[in-house]
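Heads up, the sequence shown is in numbering that gives the first Met the number 0, so the first residue is 0 and it goes up one at a time.
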Amino acid sequence: MSTVTLGRTGITTNKNGFGALPIQRIPEEEAVYLLRKAYENGITFFDTARWYTDSEHKTGMAFAGMRDRLFIATKTGAQDAAGFWKDLETSLTQLQTDYIDLYQFHNPAFCPKPGDESGLYDAALKAKAQGKIRHIGITNHRLAVAHEAIDSGLYETLQFPFCYLATEKDIELVEKCREADMGFIAMKALSGGLITNSAAAYAFLAQYDNVVPIWGVQREKELDEFLSYIKTPPVMTEELAEVIRRDREELLGDFCRGCGYCMPCPVGIEINNCARMSLLLRRSPSAGHLSPEGQEKMKKIEQCLHCGQCKSKCPYGLDTPSLLQKNLEDYKKVLAGEVQV
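Written out as structure tokens, the structure is:
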């Protein structure tokens with residue numbers, strides 16, 4: 000079994016972390032079953048967040064009474080100290096625990112530091128002194144904030160998108176975390192569903208011995224795939240390298256990662272899916288995307304106000320309105336049968 004230690008936290012877990020964002024989409028009984036099955040088969044690191052609706056509640060239901068056997072990471076999107084304490088107490092209640100192993104600032108637009116106006120880092124230090132959190136981390140989609148967090152020496156972990164579509168700048172972050180003895184947690188290891196070969200995804204990340212990927216799981220067959228990698232972890236082969244080469248050729252560039260930080264849209268466009276619909280149609284079962292419900296979602300793009308809100312909030316600097324329009328045009332061609340998927 001391949002294990003990873005998250006820098007100076009001392010948290011050691013296998014190369015499969017459980018990303019608990021998707022379990023908010025399934026019934027409580029199913030979620031609890033998946034979480035427990037994951038633990039019983041060797042997964043010990045579970046990542047959730049206050050923003051993930053009832054994900055913390057379901058995680059707490061699954062692991063009540065067995066807190067010392069696993070690691071729970073969660074996040075706060077609070078903007079000030081008052082919000083921090085409210086989120087922390089809610090998380091402790093929902094998770095049915097009196098401490099959180101890793102408490103992360105959830106994609107802040109700045110790097111919280113002691114003494115700043117937000118009071119966030121000072122609150123985290125106080126919570127740590129009280130034993131309510133054990134380690135302080137940060138998640139982000141912005142390279143500048145990520146670099147500032149590493150350089151500050153204040154954080155024990157960084158959670159950042161990392162997969163085989165990574166650029167040299169992303170790889171630089173991983174290596175910089177290693178040098179700083181800072182844990183690196185890879186979110187979006189399947190690029191929001193655009194990567195369909197999990198063995199290739201695992202083999203790529205296995206090359207970085209300081210990285211723990213958190214796989215988003217909501218179906219048992221997905222979990223079984225990752226559980227199988229605990230006993231027989233995929234290694235890079237010529238075949239998997241070719242998969243990666245082809246995917247990088249097709250997907251690298253200005254594509255929507257589906258992070259959702261552009262939301263909500265004033266007219267209700269589901270930007271995080273609509274702006275990458277062309278890719279989703281070609282890389283996942285298309286029936287749902289082409290259903291009457293899917294067509295209604297795409298039709299909303301025609302109501303775009305071009306207000307620029309989504310563009311200003313995109314951490315990747317994408318021209319989101321233009322991307323939406325391109326995806327709508329392609330979608331219409333698929334519906335008309337002019338383009339096959």
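Even glycine gets a Cβ: it sits at the ideal position worked out from N, Cα and C.
Discussion item. Below 8 Å, how does it come out for the region 190-201 and the region 141-151: are there three or more Cβ pairs, yes or no?
Written reply: No: fewer than three Cβ pairs fall under 8 Å.
Worksheet entry | Contact check, PRO233 vs ALA188, beta carbons under 8 Å | Along the sequence shown, read from residue 1 onward, the residue named residue 233 stands at position 234. Along the sequence shown, read from residue 1 onward, the residue named residue 188 stands at position 189. Contact flag unset, no.
Fill in: Buried or exposed by the 16-neighbour rule on C-beta atoms within 10 Å, applied to ILE300
Counting from one through the sequence shown, the residue named residue 300 turns up at place 301. Buried, since its Cβ has 16 or more Cβ neighbours within 10 Å.
Worksheet item: ALA205: which of GLN217, ILE229, LEU87, ALA77 sits nearest, CA to CA?
Response: As a working note, residue 205 is residue 206 in the sequence shown. Answer by Cα proximity: ILE229.
Discussion item. Can you look up TRP214 in the DSSP assignment and give me helix, strand or coil?
Written reply: Reading the sequence shown from its first residue, position 215 is the one you call residue 214. Note: TRP214 maps to strand in three-state DSSP.
Discussion item. Between the region 247-254 and the region 301-312, can you find at least three pairs of beta-carbon atoms closer than 8 Å?
Written reply: no
Discussion item. Quick check for students: name the residue ranges of the beta strand (DSSP E) that lie wholly in the region 62-125, counting only runs of 3 or more.
Written reply: 70-75, 99-105
Fill in: Pick from GLY82, PHE83, SER90, ARG66 that is closest to TYR51, judged by C-alpha positions
In the sequence shown, the residue the question calls residue 51 occupies position 52. For the residues GLY82, PHE83, SER90, ARG66, the minimum Cα distance to TYR51 belongs to SER90.
Discussion item. Between the alpha carbons of GLN78 and PRO113, how many angstroms are there, rounded?
Written reply: Translated into positions along the sequence shown, residue 78 becomes position 79. Translated into positions along the sequence shown, residue 113 becomes position 114. Their backbone Cα atoms lie some 14 Å apart in a straight line.
Worksheet item: Is it true that the CB of ILE270 sits closer than 8 Å to the CB of LEU327?
Response: The sequence position of residue 327 within the sequence shown is 328, counting from 1. The sequence position of residue 270 within the sequence shown is 271, counting from 1. Not a contact, by the Cβ cut-off of 8 Å.
Discussion item. Taking 8 Å as the threshold (C-beta atoms), are LEU317 and CYS255 in contact?
Written reply: Along the sequence shown, read from residue 1 onward, the residue named residue 255 stands at position 256. Along the sequence shown, read from residue 1 onward, the residue named residue 317 stands at position 318. Yes, these two residues count as a Cβ contact at 8 Å.
Worksheet item: Tell me which same chain residues have a C-beta within less than 7 Å of the C-beta of VAL340, skipping the five on either side of it?
Response: Position 341 of the sequence shown holds residue 340. Once the five neighbours on either side are set aside, the close Cβ partners of VAL340 are LEU280, ARG281, SER285, VAL333.
Fill in: Rounded C-alpha distance that separates THR73 from ASP100
As a working mapping, residue 73 is identified with position 74 in the sequence shown. As a working mapping, residue 100 is identified with position 101 in the sequence shown. So the alpha carbons of these two residues sit roughly 8 Å apart.
Worksheet item: Do GLN342 and THR58 have their C-beta atoms closer together than 8 Å?
Response: Only positions 0 to 340 of the chain appear in this structure, which leaves residue 342 out of reach.
Item to complete: Mark GLN158 as exposed unless 16 or more other C-beta atoms lie within 10 angstroms of its C-beta, in which case mark it buried.
Response: Against the sequence shown, residue 158 aligns to sequence position 159. So GLN158 ends up on the buried side.
Worksheet item: From THR319 to LYS310, what does the alpha carbon distance come to, in whole angstroms?
Response: Taking the first residue of the sequence shown as position 1, residue 319 is located at position 320. Taking the first residue of the sequence shown as position 1, residue 310 is located at position 311. Taking the straight line from one Cα to the other gives about 5 Å.
Practice prompt. Within the same chain, show all residues whose beta-carbon is closer than 8 Å to that of MET235, passing over the 5 residues directly before and after it, in chain order.
Written response: To locate residue 235, count along the sequence shown from 1; it is residue 236. So the qualifying residues of the chain are ALA202, PHE203, ALA205, GLN206.
Practice prompt. Have a look at the DSSP bridge pairing and note the partners of PHE44.
Written response: Taking the sequence shown and counting its residues from 1, one reaches residue 44 at position 45. PHE44 is bridged to PHE70.
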